[in-house]
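First residue of the sequence shown? That's 106 in our numbering, and the numbers climb one at a time after it. Some notes on the structure that comes next.
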Amino acid sequence: MSVASSTPFGRLHLALGGFAAYLLLVRALRYRRIRSIQRYFAQCRDGKGSMTVEQAQRIIIPLFCYEMPLLMRYSLAFALFKTYGIPSISSILKKTGELSSSAGISRRYADACLSFPTWMFCPLQGFFNETSSPGFVGHPTAFPKQGIENPPDDNMIHRVSDPRANISIARTNWLHSRYNISNDDMLYTLALFVFEPVTWAKKWGWRDLTGLERQAGQAMFFLSPHGLALWVLWKDVGTRMGIEAIPDSLVDFEAWAKTYERTSMLPAESNREVADYTLAELLHVVPNAFGIKAFAKRVAYAVLEPRVRIAMLYPEQPWYIHALLAGIMGIHKYGSRWLALPKVWPTVFTDNKTPWRGLETRFHPSRYQPTPWYKPETSGWLNPFDWANRLAVVIGFYKERPSGRLSSQGYRLDIQGPVALESSGIQETLKGADQLLRFGCPIGKSNAPQRENL
């Protein structure tokens, strides 16, 4: 042992030197992935939309799976939650019962947590072009390289590498077509999926998601690949969902969304009721003891923008709640930027182990909700997984053990939605998915069922 390291000052110097070296290592590695993305997609940084949907998906995959996985996931969850501040949306959800009961919200939230990643990560074109894959993108989902051998018919679902995204979108289209949902409500929801990740990253992320730079006196945005990728991806999804009048630029889209929010986000009891059930599901794992859950609700209220909070009839929170929230998120933001090494293994949101083998293929989520929909059922006193499920129920992590009632055999994208509709609309869904894979256009009105008058 050296003399320098044997003295208190020597050990302090070594500790400080090691810490400084660690900070330099974090700094050197933290931005490496985003710099690689910027170099590879330099041709897409002109702000003119010169980016394909496949390129957009390949840019977003590392963002959601490596860079800021939890923050991005919650930004989409909040985007969906924010729509409940629109009375025309919340009233439909209340009347369907999907979000006005504990059973309905648990199934819908589980399905939403599977649908969004499927749209974003599974190829919207039905396959990924292997030759265009940049080496830095570690795709977290497993795709076969070809379609099913000896397909039973000419349906494109059987001939592409992976039709999951289009089947999921087609199923959502069929479910939506049952109700009188206005195009403006659909368009506003789409806008939130584009802009909320940007807002959350700017406010709480370890770096600005888009790096937007506004030239003085001009209304022109210079976008990094992430900002443009979100726009390209969700615009394509919106087109496949049959949403009309999508603005041609991000600037126009943001202006439209803000105007619609000012005129349509109004206080209503239906807003409050739907939001209450959703918050109860999200905060299920938080214990009631010592008022912890009640306090967590107040912190959740503080996350809401004033207009959203007022529309949902929630009370304004005192300054110290906002200060606590800012402090916690500030620690996360700057700790991640300066102290945390980048992720090596991806955070995945859907089944990345089971390859697509046809319509009967069932998948299991990589993460489960408080009501563990689609989690494999376990049994046997000697089964450690069964003991883990029992313990999860005892401590309140799960509401109940996995069972056949919760579709423990796994999920199929063509039957997702309310339990009562599992056996309905399957052929319409598959016909719509085939049309999307062939032409990339929305389902024709002739395929839609009769809408319910709610």
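From the three backbone atoms N, C-alpha and C, an ideal C-beta is built for every residue, glycine too.
CA-to-CA, the gap between residue 177 and residue 307 works out to about 11 Å.
Counted as a single uninterrupted DSSP element, the alpha helix (DSSP H) harbouring residue 145 occupies residues 137 to 145. Here residue 140 is exposed: its Cβ has fewer than 16 other Cβ atoms, across all protein chains shown, within 10 Å.
Excluding the 5 residues flanking it on each side, residue 279 has same chain C-beta neighbours closer than 6 Å at 530, 533 and 534, in chain order. Contact check for residue 333 against residue 225 fails: the beta carbons are separated by 7 Å or more. Between the C-alpha atoms of residue 128 and residue 444 there is a straight-line separation of about 7 Å. Selection 378, 297 and 221 evaluated against residue 202 yields 378 as nearest (Cα-Cα).
Taking residue 310 as the centre and dropping the five residues before and after it, the same chain places the C-beta of 173, 176 and 438 closer than 7 Å to its C-beta, in chain order.
Counting other Cβ atoms within 10 Å of its Cβ, residue 494 reaches 16 or more and is therefore classed as buried.
Looking at the DSSP output, residue 468 sits in a beta bridge with 516. Closest in C-alpha terms to residue 468, from the list 422, 423, 515 and 486, comes 515. Membership of residue 485 in any alpha helix (DSSP H) is not indicated, and neither H nor E is assigned to it by DSSP.
DSSP assignment within the region 361 to 403 yields the following whole alpha helix (DSSP H) runs of 4 residues or more, N-terminal first: 374 to 387. Excluding residues up to 5 positions away in sequence, 224 lie with their Cβ nearer than 6 Å to the Cβ of residue 342 in the same chain.
Residue 186 sits buried, since 16 or more C-beta atoms from the chains shown fall within 10 Å of its C-beta. Measuring C-alpha to C-alpha distances from residue 413 to each of 120, 507 and 371 identifies 371 as the nearest.
Around the C-beta of residue 195, 16 or more other C-beta atoms lie within 10 Å, and the residue is accordingly described as buried.
Rounded to whole angstroms, the separation of the alpha carbons of residue 401 and residue 395 is 11 Å. Straight-line measurement puts the Cα of residue 484 at about 24 Å from the Cα of residue 524. A straight-line Cα-Cα distance of about 58 Å links residue 420 and residue 112. Annotation for residue 162: the continuous alpha helix (DSSP H) segment containing it runs 158 to 167.
In this structure, DSSP gives residue 419 a state outside helix and strand, which the three-state scheme calls coil. Considering only 131, 165 and 502, the residue with the shortest C-alpha distance to residue 302 is 165. Beta-carbon to beta-carbon, residue 386 and residue 512 are separated by about 17 Å, too far to satisfy the 8 Å threshold.
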